[in-house]
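S.K.: To start, I am sharing the structure in question, which I have written as structure tokens.
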Amino acid sequence: MFVIAIMDVSAPRAGAVLGLDARSFGAFYDDALPRIYGYFVHRCGGSTAVAEDLTQETFLAAAAELAKDRRVTAPTAWIHGIARHKLLDHYRREKRAERSLVAAWDEQQLEAELVVEDSHETRERAMAALGAVAASQRAALVLCYLDGYSVAEAARLLGKSTEAVESLLARGRQSFKRAYLEESA
Amino acid sequence: VSERDPVITLLKKLDGPVDPRPEFADALRSQLLEQLAQTNGAPARHGIRPPHRTLPARLRRPLLAGAAALAVAAIVIAAVVVSRPAPASALDVIRQARAAFVRMQPFQATYQVALNPDGTNPNGPRLVPKGAIETVMVSYRGPGRFRSQIMAEHLIPLTDTATPRPGSYQVFNGRTLATYNSLFKRFSASPARGIQTLEFLSWHGSYPDWERVCRGPNSKVLADAQIAGRDARHIRCTNFTGESWELWIDRRTGLLLKIIGQVGGDDFFLGGGAGTSAKGGFQIEELRYNPSFAAETFSVKAPPGAFDIQGVVRAELATVPSFQAVVYSRSTGSSSTEEVWRLNSHTWREKTLAGTGAGASGAGSFSVSGPTGEGSYDAHDKTYSRSSTADAAESDPAQSLLPVDTTYVFSPAECPVVGHDRIAGRDAVHRHCPARRSPAGPPIASSDIWADSATGLLLKYETRGHELRVLSIVYRPTFRPATFRFVAPPGSISQQRLNQLEENPYYKTKLAPGKLAPNWQATTLAGGRFQVTDLRGKPALLLFVPDDCSDPACDDLAALERAYQKSNHRTQVVWVDIWFGEKGRGAKKVGRRNHLTFPIVLDHNEASHKAWAFGGYPFWLLLDSRGRVIEARFKPQRVAQLTAMLAERRAPH
Chain E
1 MFVIAIMDVS APRAGAVLGL DARSFGAFYD DALPRIYGYF VHRCGGSTAV AEDLTQETFL
61 AAAAELAKDR RVTAPTAWIH GIARHKLLDH YRREKRAERS LVAAWDEQQL EAELVVEDSH
121 ETRERAMAAL GAVAASQRAA LVLCYLDGYS VAEAARLLGK STEAVESLLA RGRQSFKRAY
181 LEESA
Chain P
186 VSERDPVITL LKKLDGPVDP RPEFADALRS QLLEQLAQTN GAPARHGIRP PHRTLPARLR
246 RPLLAGAAAL AVAAIVIAAV VVSRPAPASA LDVIRQARAA FVRMQPFQAT YQVALNPDGT
306 NPNGPRLVPK GAIETVMVSY RGPGRFRSQI MAEHLIPLTD TATPRPGSYQ VFNGRTLATY
366 NSLFKRFSAS PARGIQTLEF LSWHGSYPDW ERVCRGPNSK VLADAQIAGR DARHIRCTNF
426 TGESWELWID RRTGLLLKII GQVGGDDFFL GGGAGTSAKG GFQIEELRYN PSFAAETFSV
486 KAPPGAFDIQ GVVRAELATV PSFQAVVYSR STGSSSTEEV WRLNSHTWRE KTLAGTGAGA
546 SGAGSFSVSG PTGEGSYDAH DKTYSRSSTA DAAESDPAQS LLPVDTTYVF SPAECPVVGH
606 DRIAGRDAVH RHCPARRSPA GPPIASSDIW ADSATGLLLK YETRGHELRV LSIVYRPTFR
666 PATFRFVAPP GSISQQRLNQ LEENPYYKTK LAPGKLAPNW QATTLAGGRF QVTDLRGKPA
726 LLLFVPDDCS DPACDDLAAL ERAYQKSNHR TQVVWVDIWF GEKGRGAKKV GRRNHLTFPI
786 VLDHNEASHK AWAFGGYPFW LLLDSRGRVI EARFKPQRVA QLTAMLAERR APH
């Protein structure tokens with residue numbers, strides 16, 4: 001089958017802790033899928049196409065790992081780790097594409113205040129606003145404010161200095177605020 | 186940063202599970218279980234087999250036809266996957282160089298650029314004669330400090346005023362980009378934050394796209410060499426259309442030391458269009474890492490004796506009184522009438538009352554700059570965008586009424602007063618500037634200007650092909666409070682929202698899943714007639730992409746051909762060349778090089794776009810055997826993406 005052809009699957013092996021039989025993986029998949037898909041859709045500006053691609057890549061990578069006798073003791077954390085790597089790879093690709101578009105957003109302090117309401121609309125706006133932030137800044141915002149990493153940890157993940165990440169956070173907050181206000185206009 | 190910060194509060198809302206589309210979830214589940222079953226040697230669908238459903242008789246045939254189409258197309262895609270070449274090691278060298286360049290130390294390099302050693306430069310022998318050479322010094326001190334200066338030249342003709350001569354330079358200090366033209370001693374500086382310096386040398390240039398080029402099947406690593414006293418990796422990259430580049434890269438720093446192949450001249454400040462021929466390229470003659478830069482190397486101040494255009498314009502703009510005016514302007518091919526409200530360089534509003542031609546905004550479009558920011562509205566597609574006020578002064582509409590930014594033409598000494606007139610209720614001084622020779626390029630046409638005798642602003646300007654007329658002007662008017670506040674018109678959408686909508690490949694098209702694709706006709710490369718209805722009887726995968734292969738989708742054509750052969754033509758594959766020149770010569774070349782046997786359609790008259798109105802390319806369309814749309818996608822599709830598309834469509838059946 002062509003589906004198998006793209007997996008680059010090595011010789012069949014058996015026996016990962018997560019359970020390579022179809023039933024247990026199916027249960028894990030049912031539980032993890034909305035979390036992983038939600039993780040991506042929120043962090044990619046609400047684009048379902050991107051979220052689906054990244055979700056698929058994540059689960060395919062997970063399955064490939066399991067096929068290599070990978071022993072997984074904390075499946076949820078494990079698959080979130082894979083998802084995070086996929087997301088950062090995606091941001092890096094985006095960053096390359098938008099390099100010339102990182103315009104004069106930096107260092108412009110906004111005076112308008114954000115009004116935070118607990119509504120579906122607010123979430124939609126925030127999602128769109130995050131999607132509008134430059135990829136490198138978005139990566140810093142997601143890692144530090146959404147995923148709960150320290151600046152130092154985020155710096156390590158992004159391959160940047162802590163100062164660079166702090167700068168990305170500062171600019172990212174401004175960009176996010178500006179985009180959110182635009183969405184609210 | 187406090188957790189009570191509203192930005193963080195908003196971001197925190199972006200978490201929690203979201204259910205994907207059931208079709209996607211089911212297709213991915215099947216795919217994963219198949220994979221795991223393969224590795225375990227167990228049947229794939231045990232335990233998750235979906236409940237058996239009986240289709241209503243009226244749905245069976247169309248669904249079976251769709252399923253068959255997908256299955257066959259899946260085989261095609263599978264073969265594409267299997268036959269995709271492994272990443273070339275030349276690509277690894279490029280990636281290593283790009284990674285190394287991030288840590289690039291300061292350097293100063295003198296490059297000799299051979300623009301046209303073989304006489305085949307695409308700009309032609311008039312602009313770039315055979316044997317033309319430029320010598321350029323590049324000074325680099327991190328991403329925020331850069332200077333490129335023309336040091337010498339050989340056989341470069343004086344064809345236009347924009348061609349930089351020896352002594353001309355471009356410099357960037359992290360905030361401002363400045364250029365100096367040594368021929369006219371003209372200096373110009375403007376804010377340019379966020380620009381990428383050394384885009385080409387840092388391996389981020391748009392052409393060539395090394396990620397694509399060096400993935401080509403004939404790319405290879407050659408024996409190391411010594412260039413300018415440095416150990417160099419030596420690679421040859423050949424893309425899918427046969428274009429080739431040979432590169433020598435500093436092993437330690439990732440700096441490109443020498444290249445043979447067609448490249449642009451952006452990093453070297455060679456002027457518009459001054460790229461090299463395919464046999465041309467450049468080589469470092471002298472290279473110093475961590476040099477001692479002269480103090481003025483990265484200065485963005487005008488050199489002594491230079492005419493600072495931007496400085497003069499800024500000074501003039503500062504003296505312009507507030508005004509409200511209606512201005513008509515005409516340029517070759519377009520004309521427009523704008524109403525302008527202007528308080529100062531940072532506070533203004535401009536609205537298009539009428540516009541015709543390609544370069545003009547649509548009537549109703551407007552831009553505003555004010556204390557709350559800058560915004561613009563495009564009446565054509567009903568979109569708006571906002572930005573910071575950082576560049577508002579650069580767009581000050583009063584600039585078009587200054588006779589300063591073209592002072593070279595309007596020099597009072599060369600443009601004597603010939604009369605006085607009344608224009609828009611104002612006294613106007615009429616000057617005539619006779620035609621004259623230019624030190625470079627064609628002669629400058631004669632022109633007439635009428636300037637307001639009180640303020641000096643242009644009231645009328647005429648020269649060959651251009652006209653400007655102030656229809657009305659009132660100085661120091663009273664502006665309404667809302668004049669300089671941007672408010673998006675009702676029914677408009679933000680540019681960002683439009684971008685999101687355009688992610689949908691069906692947006693504004695005449696295509697819909699399950700619906701018959703409208704017919705259109707074109708000719709094939711072989712000279713035959715093609716129409717969409719000819720495809721009926723078998724499923725068909727159509728790819729719309731131009732033949733210049735500027736798009737990565739082009740790279741998969743050879744693999745697509747192999748897949749097409751392997752499938753015994755059970756799925757039709759059609760490449761529709763949507764942008765081509767010279768009777769499809771590019772398509773012919775690509776087809777020959779990749780041994781394509783499936784039809785290549787030359788869409789001369791944009792028939793496909795007119796009939797289907799798809800908004801971008803590459804555009805992929807999968808049709809079933811009855812000519813109905815199964816799925817459309819645009820943008821380059823990775824094989825995994827196409828696989829997902831096919832898998833999710835197959836699952837419900």
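Sequences listed follow chains E and P, in order. The first sequence: position 147 = 147 (the numbering used here), numbered continuously. The second sequence: position 337 = 522 (the numbering used here), numbered continuously. Think of the CB as a built atom: it goes at the ideal place given N, C-alpha and C, for glycine as much as any other residue.
#1: Comparing the C-beta of P/Lys567 with each C-beta of chain E, is any distance below 8 Å?
#2: Who does P/Tyr296 pair with in a DSSP beta bridge?
#3: With a cut-off of 8 Å on the beta carbons, I'd call P/Gly465 and P/Leu312 a contact; round off their distance for me.
#4: Is any beta-carbon of chain E found at less than 8 Å from that of P/Val786?
#5: State yes or no: is the C-beta of P/Thr709 within less than 8 Å of the C-beta of P/Trp797?
#6: Enumerate in chain order the residues of its own chain whose CB-to-CB distance from P/Tyr749 is below 6 Å, with the five nearest sequence positions on each side excluded.
#7: Please decide whether P/Gly201 counts as near chain E, where near means a Cβ-Cβ distance under 8 Å.
#8: Check whether chain E comes within 8 Å of P/Lys315, counting only Cβ atoms and requiring the distance to be less than that.
#9: Please tell me whether E/Lys86 has its Cβ less than 8 Å away from any Cβ of chain P.
#10: Taking P/Pro556 as the reference, which of P/His651, P/Arg571, P/Ser550 and P/Ala548 has the closest Cα?
#11: Are the stretch 769-779 of chain P and the stretch 682-701 of chain P in contact at 8 Å, needing three or more beta carbon pairs?
#12: Tell me where the alpha helix (DSSP H) around P/Phe729 begins and ends.
#13: Below 6 Å CB to CB, which residues in the same chain sit around P/Glu841 once its five sequence neighbours on both sides are set aside?
#14: Pull up the CB-CB distance for P/Val298 and P/Gly450, whole angstroms please, since I reckon it's below 8 Å.
#15: Give a yes or no on whether the C-beta atoms belonging to P/Gly616 and P/Ile634 are separated by under 8 Å.
#16: Which bits of chain E does P/Val298 rub up against, with CB to CB less than 8 Å?
#17: Let me see if you follow: with CB-CB separation under 8 Å, is P/Glu688 close to chain E or not?
#18: Taking the C-alpha atoms as reference points, what is the distance between E/Tyr39 and P/Glu219?
#19: Taking E/Val133 and E/Ala179 to be in contact with their CB atoms under 8 Å, please state how far apart those CB atoms are, rounded to whole angstroms.
#20: Nearest-angstrom Cα distance between E/Ile79 and E/Ser47?
#21: Just to make sure I have the definition right: I need the residues of chain E whose C-beta is within less than 7 Å of the C-beta of P/Ala210. Which are they?
#22: For P/Gln681, which residues in chain E fall below 9 Å Cβ to Cβ?
#23: In chain order, which continuous runs of the alpha helix (DSSP H) of length 4 or greater are located wholly inside the stretch 409-437 of chain P?
#24: Can you look up E/Lys177 in the DSSP assignment and give me helix, strand or coil?
#25: For a contact meaning CB atoms closer than 7 Å, what does E/Glu38 contact in chain P?
#26: For the candidate residues P/Gln584, P/Arg607 and P/Leu656, whose alpha-carbon lies nearest to that of P/Leu538?
#27: To the nearest angstrom, report how far apart P/Ala212 and E/Leu130 are at their CA atoms.
#28: For P/Arg611 and P/Arg661, I'd like the C-alpha separation in whole angstroms.
#29: For a minimum of 3 consecutive residues, which ranges assigned as the beta strand (DSSP E) are wholly contained in the stretch 340-384 of chain P?
#30: Would you say P/Arg571 reaches chain E, if we count a Cβ-Cβ gap shorter than 8 Å as a contact?
#31: Using a Cβ cut-off of 7 Å, pull out every chain P residue sitting near E/Val41, in sequence order please.
#32: For P/Thr522, I'd like the list of residues in its chain whose CB is within less than 6 Å of its CB, leaving aside the five on either flank, ordered along the chain.
#33: Mapping the DSSP letters down to three states, classify P/Glu481 as helix, strand or coil.
#34: Anyone know if the C-beta pair for P/Phe372 and P/Pro488 falls short of 8 Å?
#35: Kindly say whether E/Gln56, judged by its beta-carbon, lies nearer than 8 Å to any beta-carbon of chain P.
#36: Quick one: Cα of E/Glu57 to Cα of P/Phe454, how far?
M.R.: Judging by the given coordinates:
#1: With 8 Å as the cut-off, P/Lys567 does not count as an interface residue toward chain E.
#2: Within the DSSP secondary-structure output, P/Tyr296 pairs in a beta bridge with P/Val321 and P/Ile469.
#3: Between P/Gly465 and P/Leu312 a beta carbon distance of about 14 Å is seen, past the 8 Å cut, so the two are scored as non-contacting.
#4: Not one chain E Cβ lies under 8 Å of P/Val786.
#5: No, the Cβ-Cβ distance between P/Thr709 and P/Trp797 is not below 8 Å.
#6: The beta carbon of P/Tyr749 sits closer than 6 Å to those of Val758 and Phe783, all from its chain and outside the five residues before and after it, given in chain order.
#7: With its beta carbon less than 8 Å from one in chain E, P/Gly201 belongs to the interface.
#8: No, its Cβ sits nowhere closer than 8 Å to a Cβ of chain E.
#9: Closer than 8 Å: no.
#10: The option with the nearest alpha carbon to P/Pro556 is P/Arg571.
#11: They do not touch, by the three-pair rule.
#12: P/Phe729 -> not in any alpha helix (DSSP H); beta strand (DSSP E) instead, spanning Ala725 to Val730.
#13: Beyond the ends of chain P as shown, which are 186 and 838, falls residue 841 of chain P; an answer cannot be given.
#14: Between the beta-carbon of P/Val298 and that of P/Gly450 there is about 7 Å, and that keeps the pair under the 8 Å contact cut.
#15: One detail in the question is off: residue 616 of chain P reads as Arg in this sequence, not Gly. Contact flag set, yes.
#16: Residues of chain E with a Cβ closer than 8 Å to the Cβ of P/Val298 do not exist, since the nearest Cβ in that chain sits about 23 Å away.
#17: Among the residues facing chain E, P/Glu688 is included, as its CB has a counterpart in that chain under 8 Å away.
#18: Approximately 25 Å between the Cα atoms of the pair.
#19: Contact check for E/Val133 and E/Ala179: beta-carbon distance about 6 Å, within the 8 Å limit, so the pair qualifies.
#20: Each residue's Cα considered, the two are about 21 Å apart.
#21: Those within 7 Å of P/Ala210 in chain E are Leu33.
#22: The contact set of P/Gln681 on chain E, defined by CB atoms closer than 9 Å, consists of Gly45, Ala128, Ala129, Gly131, Ala132, Ala179, Glu182 and Glu183 in chain order.
#23: Annotation: the stretch 409-437 of chain P contains no complete segment of the alpha helix (DSSP H) (minimum length 4 residues).
#24: E/Lys177 falls in the helix class under three-state DSSP.
#25: Sequence inspection shows Gly at residue 38 of chain E; the Glu mentioned does not correspond to that position. Near E/Gly38 (Cβ distances below 7 Å), the residues of chain P are Gly201, Pro202 and Val203.
#26: Comparing Cα-Cα distances from P/Leu538 to each of P/Gln584, P/Arg607 and P/Leu656, the minimum goes to P/Leu656.
#27: About 29 Å.
#28: The alpha-carbon atoms of P/Arg611 and P/Arg661 are separated by roughly 14 Å.
#29: You should have 354-357, 361-366 and 371-376.
#30: Interface residue, yes.
#31: Result: Val203.
#32: The beta carbon of P/Thr522 sits closer than 6 Å to the beta carbons of Tyr513, Leu538 and Ala539 from its chain, once the five residues preceding and following it are set aside; these are given in chain order.
#33: Three-state result, P/Glu481: coil.
#34: For P/Phe372 and P/Pro488, yes; Cβs fall inside 8 Å.
#35: So, interface residue.
#36: Each residue's CA atom was taken as its position, placing E/Glu57 and P/Phe454 some 42 Å apart.
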